[in-house]
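To start, the structure itself, in structure tokens.
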Amino acid sequence: MTSSRSFVSRIVVPLLLSLCATTAMAQVTISNPWVRGTVGGMKATGAFMQIASRADTRLVGAASPAAKVVEVHEMAMVDNVMRMRAIAAIPVPAGRTVELKPGGYHVMLIDLVRPLEPGASVPITLTFEGKDGKRETVQVKAEVRPLTAGAGAGGPAPAAHGAAHQHGR
Amino acid sequence: MDDRRRYLPSAHRRTLLSGAGGTLALAALGTGCVLLAGCDSRPSPVFHSIDVTGATFGQGFDLTDFNGDRRTLADYKGKVVALFFGFTQCPDACPTALAKLAEVSKGLGADAARLQVVFITVDPERDTAELLRNYVPAFHPAFTGLRGSPEQIAAVAKAYKAYYSKVAGKTPESYTIDHSTFTYLYDPEGRLRLMARHEITVAQLAADVRQLMRG
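From first to last, the protein sequence lines stand for chains P and W.
If you count the first sequence from 1, you need to add 1 to reach our numbering.
If you count the second sequence from 1, you need to add 12 to reach our numbering.
Written as structure tokens, this is what we have:
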């Protein structure tokens, strides 16, 4: 009995407590994080994932030991021109899943330390800021997919943005 | 023909506005002709890409491939050429376009030898020959990558009405490049025929390539 009680008090109780703590803290859930693999000489690539949060929050920053500079980017196709910009934040409204995917948002890994081989995983720390200004960091391990990934299901939605075009030229 | 050239943007707008419905209707018409076999005259081809037949821009290039060999459009006579301007540090649009072309090539089977994909870098400073040699064939071993001096690249882009512009990053090395994302398609005679938008699907692009191969 003694051993069983000590098991409960030493292992199970702390475990339960830590689970509770995790649940209370974890406003943000990241699914399917992946990074586009690179070949020798490539210095940058993009990371993609789905982000959901129980409360309104914003992705305001990212860091990774795999790259010297990490930025939050938005890609937009404007008049058939691909435009990519660093943005201050990606809003994640409560209860909605925000997708970082080819054709939209991504986390840009710049000045890679070494090429990213498919099958490896890349640790990325994401920083979120809630409405109250409190910051939360989430660690993910992004799977490295082949350079050629993303043409199929992960590709851009066909002609979903036609109405946004203004042809002034 | 002059009018068509001059009004390319509005033709483009029309294509966008008519959307999938129009394309489907046209495709259905085409299929109907084939099924009924009752069309006396050959139906004029219906493409998913923008038809720029007769265009005076995009008439060719004179650049260097990643093996150091000089390449011009004439080298690929007899093949459908799919030409794309991009850069290797592009996380999104360029790999998507090249991966799509690789799938088109795969779907062509034995006819894949009659398609030549050409990637022209708009970032010759960072895209060295070695990097292009690592990057482009990763999508398909038969794809080629071309580069030139910044001046040569600027001249080729101008000749193709292709747009690109450097956007400064946090460090001098971390700039990105805005660029137009059309894939230029040539028929086996070396005539510029089509411009495919980035949103084109693999199936649509494959259909256009096959149609150009048929002549």
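Glycine residues also receive a C-beta, built at the ideal position from the N, C-alpha and C atoms.
- Under the DSSP assignment, residue 146 (chain W) falls in the alpha helix (DSSP H) whose first and last residues are 141-151.
- Restricting attention to alpha helix (DSSP H) runs no shorter than 4 residues, the segment 110-184 of chain W encloses them at 141-151, 162-171, ordered along the chain.
- Going by beta carbons, residue 68 (chain P) and residue 133 (chain P) fall outside the 8 Å limit.
- Non-local beta-carbon contacts of residue 76 (chain P) in its own chain, meaning distances under 6 Å to residues more than five positions away in sequence, involve 85 in chain order.
- Nearest C-alpha to residue 43 (chain P) among P:74, P:114, P:92: P:114.
- For residue 67 (chain P), not one C-beta of chain W is nearer than 8 Å to its own C-beta.
- The straight-line gap separating the alpha-carbon atoms of residue 184 (chain W) and residue 125 (chain P) is approximately 24 Å.
- Chain W places no beta carbon closer than 8 Å to that of residue 90 (chain P), leaving this residue out of the contacts.
- Residue 141 (chain P) and residue 127 (chain P) have their C-alpha atoms spaced approximately 8 Å apart.
- Residue 101 (chain P) is outside the set of residues whose beta carbon lies under 8 Å from a beta carbon in chain W.
- Here residue 94 (chain W) is near residue 129 (chain W), since their CB atoms are less than 8 Å apart.
- Per DSSP, residue 51 (chain P) is not a residue of any alpha helix (DSSP H); the beta strand (DSSP E) it occupies stretches across 45-54.
- The three-state reading of DSSP puts residue 107 (chain W) in helix, counting H, G and I together.
- Along the segment 173-190 of chain W, going in chain order, the ones with a CB nearer than 9 Å to a CB of chain P are 175, 176, 177, 179, 181, 182, 183, 185, 186, 188, 189, 190.
- Using beta-carbon distances, residue 215 (chain W) does not count as an interface residue toward chain P, since no partner is under 8 Å.
- Chain-ordered, the chain W residues with CB closer than 8 Å to the CB of residue 76 (chain P) read 103, 104, 105.
- In the structure shown, the three-state DSSP call for residue 88 (chain W) is helix.
- Separation of residue 137 (chain W) and residue 57 (chain W) (C-alpha to C-alpha, rounded to the nearest whole angstrom) is 41 Å.
- Counting along the chain, no beta strand (DSSP E) covers residue 214 (chain W); the unbroken alpha helix (DSSP H) around it starts and ends at 214-226.
- At least one beta carbon of chain P lies nearer than 8 Å to the beta carbon of residue 210 (chain W).
- By the criterion of a C-beta distance shorter than 6 Å, residue 110 (chain W) is surrounded in its chain by 151, once the five residues flanking it on both sides are discounted.
- In terms of beta-carbon proximity, residue 50 (chain P) stays away from the interface with chain W, with every pair separated by 8 Å or more.
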